[in-house]
Structure formats: C-alpha cells, structure tokens
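**Q** So that you can map any letter, position 11 of the sequence shown is 341 in the working numbering, and since no number is skipped, the others follow by simple counting. The structure that follows is given in the form of structure tokens.
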Amino acid sequence: MRSPCVIVVGAQWGDEGKGKVVDLLAGHFAWIARYQGGHNAGHTVVIGGQRFILQLIPCGVLRGVSKAVIGNGVVLDPQALVDEIATLRAAGVDVAGKLFVSTRAHVILPYHRSIEHAAESAPGRLRIGTTSRGIGPAYEDKMGRRGLRVADLYDAALLRDHIREALAEKNAIAAALYNAPPLDAGRILETYQSLSDQIRPFVADTGALLNAAAARGESILLEGAQGALLDIDHGTYPFVTSSSTTAGGACIGTGLAPTRLTGAIGVSKAYCTRVGGGPFPTELAGAAGDALRRRGNEFGSVTGRPRRVGWFDAPLMRYAAALNGLDALVVTKLDVLDEFERIPVCVGYKGGDVIPPAAAGWEALEPVYEELPGWQTPTEGVTRWDDLPLRARDYLAFLARVSGVEIGMVSTGPERGQTITLAGSRLERLLGAAPEAPRASGQSARP
Ligand code: GDP
331 MRSPCVIVVG AQWGDEGKGK VVDLLAGHFA WIARYQGGHN AGHTVVIGGQ
381 RFILQLIPCG VLRGVSKAVI GNGVVLDPQA LVDEIATLRA AGVDVAGKLF
431 VSTRAHVILP YHRSIEHAAE SAPGRLRIGT TSRGIGPAYE DKMGRRGLRV
481 ADLYDAALLR DHIREALAEK NAIAAALYNA PPLDAGRILE TYQSLSDQIR
531 PFVADTGALL NAAAARGESI LLEGAQGALL DIDHGTYPFV TSSSTTAGGA
581 CIGTGLAPTR LTGAIGVSKA YCTRVGGGPF PTELAGAAGD ALRRRGNEFG
631 SVTGRPRRVG WFDAPLMRYA AALNGLDALV VTKLDVLDEF ERIPVCVGYK
681 GGDVIPPAAA GWEALEPVYE ELPGWQTPTE GVTRWDDLPL RARDYLAFLA
731 RVSGVEIGMV STGPERGQTI TLAGSRLERL LGAAPEAPRA SGQSARP
C-alpha cells in the first residue's frame with residue numbers, strides 16, 4: 331500500500347472549518363504542506379480553550395509532530411511569517427527545524443498591499459471583497475513574470491534593483507490611478523533585508539523535500555486554503571481568489587508529483603457561507619439569516635466581517651466533488667443547526683445543474699429545496715454517531731446522498747474532541763488507518 335498523500339480542500343467558499351479538520355488529521359501525517367493563498371487564509375484552531383488563528387503556517391504544526399511546508403504556490407509576506415512564528419513561539423510552539431518555506435514562493439512587497447488597498451477603494455471598481463493584503467497583486471506580478479521569489483531575497487544586487495525598478499512603475503501607477511503617495515525604495519530594501527535574514531533558517535527547496543519524502547514512503551497532507559468555489563479558474567469568477575484552490579493546484583503549488591497523490595477530502599459546513607461579493611444561490615436573508623449567522627458565529631476570523639449565510643447547496647457540492655475528485659467529506663458545524671425546526675437543502679436548480687461560467691448566469695438560477703425536519707436537540711460535543719439524534723443522522727445521510735460523497739467525519743463543535751469519526755469509512759482508509767477496500771457505491775444507513 332502506498333503511503334497516504336492526501337489533499338484537504340474546502341468544498342464551498344472557504345471558512346468551512348478546515349483549520350480544525352487539518353489539525354485533527356495532522357496526527358496521521360509526517361508532512362503538512364500549504365499550496366496556495368497567502369496570509370488571508372485564517373484557519374482557526376481551538377486547543378484546550380486556546381484559540382489559534384494561523385494565516386500562513388500550515389495548522390498541522392500545532393500537533394508538534396509533523397513537518398510543515400509553505401509551498402511555492404503560496405505568496406509570502408515575510409513580515410506576516412515572522413510575526414506568526416513569534417506568536418507560536420510565545421504560545422509554546424517552536425517551529426525551528428519543522429518549518430520549510432519554498433525558495434520558489436513569491437514575495438509580497440509593500441506596493442502590492444498599497445495598490446490593492448487603493449484599487450479596492452477606488453470609485454467605480456468592482457469590489458471583490460479582498461483582504462487588501464497584497465495577495466492578488468503579488469499573484470499578478472508572478473503571472474506577469476515580474477515577481478520576486480524567496481530565493482531572490484538572498485541576492486543583494488538583484489533585490490535592490492528589483493525593488494527600485496518595481497517601485498518606479500508601481501509608484502507611477504499608484505499616483506496616476508489612485509492618487510496614492512509614493513513608497514520609498516531605500517526603506518523597503520532595509521526592511522526586506524532584515525526580514526530575509528530572519529526567515530533564512532526556514533528557506534528550502536520544498537518541492538525536492540516533499541518528493542524525496544514521498545519516495546521514502548512518508549505521508550503528506552496537502553492543505554488547501556479558501557475553498558473550491560473561490561478557485562481562480564473553476565470558482566465564481568470574478569468573485570474568486572487569485573490562486574488554484576482546487577485539488578489540481580496542490581501539485582502545482584508544492585511541486586509534489588501528481589502520481590504520488592492517494593486521495594482528496596472535502597470539508598463542508600452543514601450549511602453554507604461566503605464572504606464578500608459574488609453569487610450565492612441559497613443565501614438566506616432577514617431574521618432567519620441573522621439567526622444562522624449568530625448561532626454559527628459567522629464573522630471572518632481575519633477581517634471580522636459578517637459572513638453571508640445560506641443553506642447547503644448540493645449542486646455546488648457535486649460540482650466541487652467532481653472538480654476535486656473528492657473521496658470523502660467532512661461535515662462541520664452540525665451543532666449550529668440544532669435549533670432549527672426545518673432545514674432546507676438545495677437539491678438542484680430549476681432547469682438543471684449547470685454551474686454558470688458567466689457572472690450573469692447566476693442571477694437566473696432558482697434553487698429547488700427539500701426541507702428536512704430539524705432535530706431541535708443539542709448535538710454540541712457529540713462524539714459518537716449513534717449518540718446523534720435520529721433526525722441529525724438522517725440529515726447527514728441526506729447530504730451525503732445528494733452530494734454523492736461519503737461522509738467520513740462530522741464536527742460538532744470547535745474543539746478537537748468535538749468530532750465524530752465514522753469507523754470503517756473511506757476517509758479512515760485514506761488516512762492509512764484501515765486496509766483499502768473497493769469504493770462503495772451508493773449510501774447505506776450511515777452517510
Ligand atoms: P477555515 O478557514 O476553513 O479553517 O474556517 P475558519 O477557521 O475561518 O472558520 C471555522 C470556525 O468555526 C472557527 O471559528 C472554528 O473554531 C469553528 N468551528 C469549526 N468546527 C466547528 C463546529 O463543528 N461547530 C462549531 N460551532 N464551530 C466550529
């Protein structure tokens with residue numbers, strides 16, 4: 331049997347609770363790698379009542395056993411990395427010798443931040459709802475072949491010339507388009523020289539490390555940030571993030587060979603949320619939406635922005651399952667639905683399941699709902715499938731059936747322990763905990 335090389339992706343628009351799930355699964359893996367995004371990810375992990383928000387470093391490090399990789403597909407703000415290492419150290423987690431940052435990751439520079447901020451606030455501009463951390467502009471420079479990579483930080487002449495030349499252009503753009511003040515090349519150079527010294531112990535050829543680890547039979551977990559529906563190609567463009575969040579991005583963003591992969595796990599809430607603008611067919615407005623938002627504490631962990639909330643959208647889940655080749659689903663925040671009398675689930679769209687490629691197509695979509703009876707019994711902290719109310723079990727089995735993906739784990743609270751693991755599930759087999767068996771077709775009484 332091959333050692334597990336498993337991708338964990340958000341199956342919705344992000345914030346599905348991947349932080350908790352990756353933290354839980356991390357114990358099974360020798361390596362945890364991030365493959366895209368930047369310090370806008372904001373995974374929340376609660377351990378013993380202590381809340382950690384990790385934006386850049388893979389959440390697996392909190393387990394203390396795995397080695398953590400920030401892959402080449404991530405865009406790196408060195409200041410954010412230095413700050414996060416310091417925060418973890420203060421909390422008693424030392425990443426020395428355990429954290430590896432790709433030499434090929436692109437670097438976020440101050441002008442990326444200032445241009446993004448100015449552009450998002452400019453009148454007449456389509457608001458994507460970005461976090462204004464410079465992530466999008468850093469990806470633009472990467473694709474425009476004018477980016478700066480981590481390895482370049484250690485070539486003093488190249489770094490100086492790069493900053494000077496980039497600023498000549500960026501300052502002109504910032505002034506002409508956004509009336510923004512110029513940034514000073516000397517100051518940026520000084521700051522980045524100091525930051526590069528601080529991150530130097532962590533810099534490595536992480537693609538080579540991961541492929542060598544896989545060849546030695548070591549297990550690897552690839553941790554996606556954001557969610558499948560925010561993928562630059564496959565998401566709800568243009569209301570998407572600037573990178574490939576779906577499973578295909580995991581190999582590009584780490585250098586790990588695709589032939590090493592053994593499976594993909596999707597993480598979804600028992601309902602649905604999204605942050606910022608863009609299509610959301612099952613969005614719930616009004617008092618019911620407020621109740622769901624309040625119960626789910628649906629406010630951004632990085633930005634504090636209220637999240638838009640709505641019901642579980644099975645057509646979008648089927649889309650995400652197909653795109654990512656999901657083998658198993660983890661359903662989080664089941665407890666948030668505890669008080670609802672009836673829980674609608676979108677099972678399809680009128681006129682078919684076509685996921686619109688154009689922004690306008692979304693407006694015409696009409697969700698078709700099936701309403702399931704709520705269980706109106708607390709499930710917070712339940713750890714055994716059999717201890718769930720029957721209606722909650724039925725609800726989960728329904729989600730699995732309409733999604734076409736087996737559920738392997740259910741989360742009933744933010745803490746590590748507040749989790750139901752379904753013994754003998756495909757997810758367990760993916761983790762290498764049980765022998766491979768033929769893929770089950772259809773769903774049994776359990777999800
Ligand atoms: P991520 O980016 O996908 O990791 O998601 P976030 O960390 O932004 O959002 C998940 C939030 O839900 C965090 O505050 C978690 O602590 C919390 N959470 C995760 N799982 C559960 C759960 O099963 N129930 C409840 N009530 N909260 C959860």
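Glycine included, C-beta positions come from ideal geometry on N, C-alpha and C. Predicted, not measured: the structure shown is a model, and the values here were computed from it.
Excluding the 5 residues flanking L513 on each side, which residues of the same chain have their C-beta closer than 7 angstroms to its C-beta?
**A** Closer than 7 angstroms at the Cβ level, and outside the excluded window around L513, lie P440, Y441, S444, L497, N501.
**Q** In the DSSP output, what is V375 paired with across the bridge?
**A** Answer by DSSP bridge pairing, in chain order: F382.
**Q** Sorted by chain position, which residues of the same chain lie with C-beta nearer than 7 angstroms to F532's C-beta, five sequence neighbours on each side aside?
**A** Only L429, F430, V431 meet the Cβ criterion.
**Q** Return yes when at least one heavy atom of the ligand GDP lies under 6 angstroms from the C-beta of V338, else no.
**A** V338 Cβ: outside cutoff for every heavy atom of the ligand GDP.
**Q** Helix or strand or just coil, what does DSSP make of D471?
**A** In the structure shown, D471 sits in a helix (DSSP, three-state: H, G or I).
**Q** Classify P768: buried if its beta carbon has 16 or more other beta carbons within 10 angstroms, exposed otherwise.
**A** In this prediction, P768 scores a pLDDT of 42, lower than 50, which makes its location untrustworthy; no coordinate-derived value is stated.
**Q** Going by DSSP in three states, Y679 sits in which element: helix, strand or coil?
**A** Here Y679 sits in strand by DSSP.
**Q** Among the residues of its own chain, which have a CB less than 6 angstroms from the CB of V735, if the five just before and after it don't count?
**A** These residues qualify, in order along the chain: A651, L656, L659.
**Q** Helix or strand or just coil, what does DSSP make of H436?
**A** Strand at H436.
**Q** Name the DSSP beta bridge partners of W361, please?
**A** Per DSSP, K397, I550.
**Q** With hydrogens ignored, establish whether the beta-carbon of G578 is closer than 6 angstroms to any heavy atom of the ligand MG.
**A** For the ligand MG, the structure offers nothing, since it holds only the ligand GDP.
**Q** With DSSP collapsed to three states, give me the class of P700.
**A** In the sequence under discussion, the amino acid at residue 700 is Glu, which differs from the Pro named in the question. Strand, per DSSP.
**Q** Three-state secondary structure (DSSP) at R638?
**A** Reduced to three states, the DSSP call for R638 is strand.
**Q** Given 6 angstroms as the limit, tell me if H369 has its C-beta closer than that to any heavy atom belonging to the ligand GDP.
**A** No - the ligand GDP has no heavy atom lying nearer than 6 angstroms to the Cβ of H369.
**Q** Suppose you measure from the CA of G772 to the CA of T713; what does that come to, to the nearest Å?
**A** The predicted model places G772 with a pLDDT of 38, which falls under 50 and marks its position as unreliable; any figure quoted below should be read in that light. Rounded to the nearest angstrom, the two C-alpha atoms are 25 angstroms apart.
**Q** Tell me R479's beta-bridge partners as DSSP assigns them.
**A** Answer is H436.
**Q** For the pair the segment 398-415 and the segment 580-593, tell me if three or more CB-CB distances fall below 8 angstroms.
**A** The segment 398-415 is in contact with the segment 580-593.
**Q** Reducing DSSP to helix, strand and coil, say where L667 ends up.
**A** L667: helix per DSSP, three-state reduction.
**Q** Please name the residue or residues paired with R672 in a DSSP beta bridge.
**A** In DSSP, R672 forms a bridge with P703.
**Q** Candidates V597, I550, P719: which alpha carbon is nearest S733's?
**A** Nearest of V597, I550, P719 to S733, Cα basis: V597.
**Q** Excluding sequence positions up to five away, which residues of its chain have a Cβ less than 7 angstroms from the Cβ of L525?
**A** Correct list, in chain order: P408, Q409, V412.
**Q** For a test of the three-state rule: what should DSSP assign to G585, helix, strand or coil?
**A** DSSP places G585 in coil when its eight states are reduced to three.
**Q** P609 and W692 look like a contact to me (Cβ under 8 angstroms); what is the Cβ gap, rounded to whole Å?
**A** Indeed they touch by this definition, with Cβ atoms about 3 angstroms apart.
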